[in-house]
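These notes are about the structure you will find just below.
Number of protein chains: 2
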Amino acid sequence: MIPFNKPYLTGKETQYIEDAVKTGKISGNGKYTKMCQDFFEQHYGFKKSLLATSCTDALEMCAILADIQPGDEVIIPSYTFVSTAIAFIRQGAKVIFADSYSNNPNIDAEKIEGLITTRTKAIVPVHYAGVACDMDTIIELADKYGILVIEDAAQAIDSYHIGKDGRKRALGSIGHMAAFSFHETKNIISGEGGMLAINDDRFIQRAEIIWEKGTNRAEFFRGEVNKYGWVDIGSSFLPSEVIAAFLWAQIENINDIQEKRKNIWDAYYKGIKEMNSSLISLPVIPDYATNNAHMFYLVLQNIDQRTQFINNLKSKDIHPVFHYLSLHKSDYYKNKHDGRELVCSDKFSDCLVRLPFYYELSIDDVHQIVNTITIFYNK
Amino acid sequence: MIPFNKPYLTGKETQYIEDAVKTGKISGNGKYTKMCQDFFEQHYGFKKSLLATSCTDALEMCAILADIQPGDEVIIPSYTFVSTAIAFIRQGAKVIFADSYSNNPNIDAEKIEGLITTRTKAIVPVHYAGVACDMDTIIELADKYGILVIEDAAQAIDSYHIGKDGRKRALGSIGHMAAFSFHETKNIISGEGGMLAINDDRFIQRAEIIWEKGTNRAEFFRGEVNKYGWVDIGSSFLPSEVIAAFLWAQIENINDIQEKRKNIWDAYYKGIKEMNSSLISLPVIPDYATNNAHMFYLVLQNIDQRTQFINNLKSKDIHPVFHYLSLHKSDYYKNKHDGRELVCSDKFSDCLVRLPFYYELSIDDVHQIVNTITIFYNK
Chain A
1 MIPFNKPYLT GKETQYIEDA VKTGKISGNG KYTKMCQDFF EQHYGFKKSL LATSCTDALE
61 MCAILADIQP GDEVIIPSYT FVSTAIAFIR QGAKVIFADS YSNNPNIDAE KIEGLITTRT
121 KAIVPVHYAG VACDMDTIIE LADKYGILVI EDAAQAIDSY HIGKDGRKRA LGSIGHMAAF
181 SFHETKNIIS GEGGMLAIND DRFIQRAEII WEKGTNRAEF FRGEVNKYGW VDIGSSFLPS
241 EVIAAFLWAQ IENINDIQEK RKNIWDAYYK GIKEMNSSLI SLPVIPDYAT NNAHMFYLVL
301 QNIDQRTQFI NNLKSKDIHP VFHYLSLHKS DYYKNKHDGR ELVCSDKFSD CLVRLPFYYE
361 LSIDDVHQIV NTITIFYNK
Chain B
1 MIPFNKPYLT GKETQYIEDA VKTGKISGNG KYTKMCQDFF EQHYGFKKSL LATSCTDALE
61 MCAILADIQP GDEVIIPSYT FVSTAIAFIR QGAKVIFADS YSNNPNIDAE KIEGLITTRT
121 KAIVPVHYAG VACDMDTIIE LADKYGILVI EDAAQAIDSY HIGKDGRKRA LGSIGHMAAF
181 SFHETKNIIS GEGGMLAIND DRFIQRAEII WEKGTNRAEF FRGEVNKYGW VDIGSSFLPS
241 EVIAAFLWAQ IENINDIQEK RKNIWDAYYK GIKEMNSSLI SLPVIPDYAT NNAHMFYLVL
301 QNIDQRTQFI NNLKSKDIHP VFHYLSLHKS DYYKNKHDGR ELVCSDKFSD CLVRLPFYYE
361 LSIDDVHQIV NTITIFYNK
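Which chain is which? The protein sequence lines are A and B, in order.
Going by my numbering, the first sequence wraps up at 379, each residue one higher than the last.
Going by my numbering, the second sequence wraps up at 379, each residue one higher than the last.
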């Protein structure tokens, strides 16, 4: 049986968890949390990294830091995970859904400007499959209208954007803030888990406070204030050291993990491309984007073909899965949406299918999956 | 050196974490999450238990389930952790602070009725040190005024209340909802971690939805709906299976842990009582409460004596710590409070001190600490 996902243990996770217990500190913001955060800051150029219990929670921190007030508008793609929306809605935002490109699930940057109003507080590009959105255009718009850019980089660890100026920058380091996920399906994992990245100095001090339940504990331990107490709103956004220790074992192996995943991705791409089928669209990586091999997906012709495709592979013990459903059509939002058709988002909702993808998937497995798909299409 | 706290590893935590990885599922709501939740429901009589990433998050779920709207009032003690307040404030509540008893940090149930208005939506008794609040009086008030009771049972696992009717019920099973903590300082731990307990059927279905990011995923997997999607607000409240597996190893040893902790508590109580000092007040366990040996605290005469006490013990490498600061006097809330004096809360803020307390603290250690305190007072 080839499952869709299989979490990968590098082998040191439990050793580091035991070490964390030995230090006498397994609540949040201990040794392993700091090690992870330092790595992310140094490696990807974030001004500040704060681990979170989930990407959802990191997005909630963004919404609080952006000072979203009831009625403020936030522009997000409709083809995304529900967390992109609920984190801002919880702060009272009205979410304005944007469409995807026709050949790429990312938010169509050309369609954003028409959605900006005087209430627009933030644009939230989601780097689908770890592939960069058109950040040059998005940052230009944000600067023009004085809007924040919050990158939903849930899938985008170790992926880059190459700007018009030739600068290659890590996703999550470009907007004012960004949120990452370490959910078990991601490249590096801690089961559930996430990270807030901050690139604008204005938000760093408050981020530390809301992370620690609205207290100035971080400043106190740095000796910047002489007692610590309740100074702001906040939540318990920081994860256990058990989670951070697990994540550290993954981070140590990130180069190996990424190399392995890129080989899997390339084998899929080559295999499906050689089928030369007009019924299957391959993923598109724009010139301004790199590929972090987070996911391998195909776009089929329609929902019926996709259902047959999934059922056929499942009957051969291979488990592909579809992905998001357009959020503007959800039970929760359909009566709140302004009625615009978002045809590309709907197309990906109906037609996109993700193939099994995990560290331990062998190239032989990939060949077997590609062969199964070839036989299905030749029937 | 005798620290204030030392997290305890029962020995099976990492084995269960490895097992969770082998099942192919380390995101939330997997095998270990269900095992933990089943244990809590069966053992303590909650109608529904849902693990959470923290007690703060469990309290936030309570605030959402209570349908707190901006301007609604929630009555909580001032002598509590900041999370009791911020979870409700995040939903827009106005927090009304109540005072403690003079001889017990718990909310003074006799002082609650005078704080109830037409805007009061909930009373949040905090079972300080795991010792029950006067739940008979609180439930009567709630019934009389149609108000919800949300137990902040952060410290109160495996502790009980004996009602006027003679019924002995677990803390957290009495109010409409309750929140527990498994922070590293608690009796059973997962570093950071918490649990929502629900005792009123009306809230169970929605709790599962807001727990899973506003989706009806739980109903879908039970076959109750034929597709799952976005139906409500919510967040990612559920912890990683890594956390649940860790917690399961603790739960398996809860009887041993509780016996050990009660012996430590009794040794402290006996030792300090024998000092027969008029300068030290011992903890009071009301007749309607049991003792879960979460914490051993003393109440001294004033803040100067407490500072000398702490400094003296620290100079002998023993690390006691004080606890909360009255929330109504915090930087965040002092201008929002209605000006009432809460003298008992302030007294505990100034005078309460917690002694080292953890599983591996030996009875010899306790005797050494008691001797050090005796020498300090005899000087």
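Idealized CB from N, CA, C, for every residue including glycine.
Can you find a CB in chain B that lies within less than 7 Å of the CB of residue i?
i, result
"residue 347 of chain A", "no"
"residue 159 of chain A", "no"
"residue 320 of chain A", "no"
"residue 331 of chain A", "yes"
"residue 83 of chain A", "yes"
"residue 59 of chain A", "no"
"residue 252 of chain A", "no"
"residue 248 of chain A", "no"
"residue 131 of chain A", "no"
"residue 265 of chain A", "no"
"residue 209 of chain A", "no"
"residue 26 of chain A", "yes"
Give the secondary structure of residue i by DSSP, where H, G and I count as helix, E and B as strand, and everything else as coil.
i, result
"residue 281 of chain B", "strand"
"residue 252 of chain A", "helix"
"residue 271 of chain A", "helix"
"residue 149 of chain B", "strand"
"residue 128 of chain B", "helix"
"residue 114 of chain A", "helix"
"residue 354 of chain B", "strand"
"residue 140 of chain A", "helix"
"residue 316 of chain B", "coil"
"residue 56 of chain A", "helix"
"residue 238 of chain A", "coil"
"residue 61 of chain B", "helix"
"residue 360 of chain A", "coil"
"residue 340 of chain A", "coil"
"residue 180 of chain A", "strand"
"residue 413 of chain A", "Outside the displayed span of chain A (1 to 379) sits residue 413 of chain A, for which this structure offers no information."
"residue 247 of chain B", "helix"
"residue 323 of chain B", "coil"
"residue 197 of chain A", "strand"
"residue 225 of chain B", "coil"
Give the range of the alpha helix (DSSP H) segment to which residue i is assigned.
i, result
"residue 345 of chain A", "343 to 351"
"residue 35 of chain A", "31 to 44"
"residue 87 of chain A", "82 to 89"
"residue 22 of chain B", "13 to 22"
"residue 169 of chain A", "Taken as a continuous stretch (DSSP letters only), residue 169 of chain A belongs to no alpha helix (DSSP H), being part of the beta strand (DSSP E) at 168 to 170."
"residue 75 of chain B", "No alpha helix (DSSP H) contains residue 75 of chain B, which is instead part of the beta strand (DSSP E) from 73 to 77."
"residue 210 of chain B", "204 to 211"
Taking 7 Å as the CB-CB limit, is residue i close to chain A?
i, result
"residue 213 of chain B", "yes"
"residue 7 of chain B", "yes"
"residue 183 of chain B", "yes"
"residue 342 of chain B", "no"
"residue 17 of chain B", "yes"
"residue 191 of chain B", "yes"
"residue 274 of chain B", "no"
Would you call the CB atoms of residue i and residue j closer than 7 Å?
i, j, result
"residue 192 of chain B", "residue 240 of chain A", "yes"
"residue 126 of chain A", "residue 77 of chain A", "yes"
"residue 75 of chain B", "residue 98 of chain B", "yes"
"residue 87 of chain B", "residue 66 of chain B", "no"
"residue 53 of chain A", "residue 82 of chain B", "no"
"residue 96 of chain B", "residue 73 of chain B", "yes"
"residue 381 of chain B", "residue 354 of chain B", "Chain B is shown only over 1 to 379; residue 381 of chain B falls outside these bounds and no answer can be derived."
"residue 176 of chain A", "residue 201 of chain A", "no"
"residue 197 of chain A", "residue 171 of chain A", "no"
"residue 51 of chain A", "residue 275 of chain A", "no"
"residue 8 of chain A", "residue 245 of chain A", "no"
What first and last residue would you give for the beta strand (DSSP E) that runs through residue i?
i, result
"residue 50 of chain B", "48 to 52"
"residue 120 of chain A", "120 to 123"
"residue 97 of chain B", "94 to 98"
"residue 233 of chain A", "Careful: residue 233 of chain A lies outside any beta strand (DSSP E) and carries neither H nor E."
Could you give the C-beta distance for residue i and residue j, rounded to a whole number, given that I count them as a contact under 8 Å?
i, j, result
"residue 271 of chain B", "residue 367 of chain B", "7 Å"
"residue 6 of chain A", "residue 358 of chain A", "4 Å"
"residue 369 of chain A", "residue 2 of chain A", "7 Å"
"residue 128 of chain A", "residue 155 of chain A", "7 Å"
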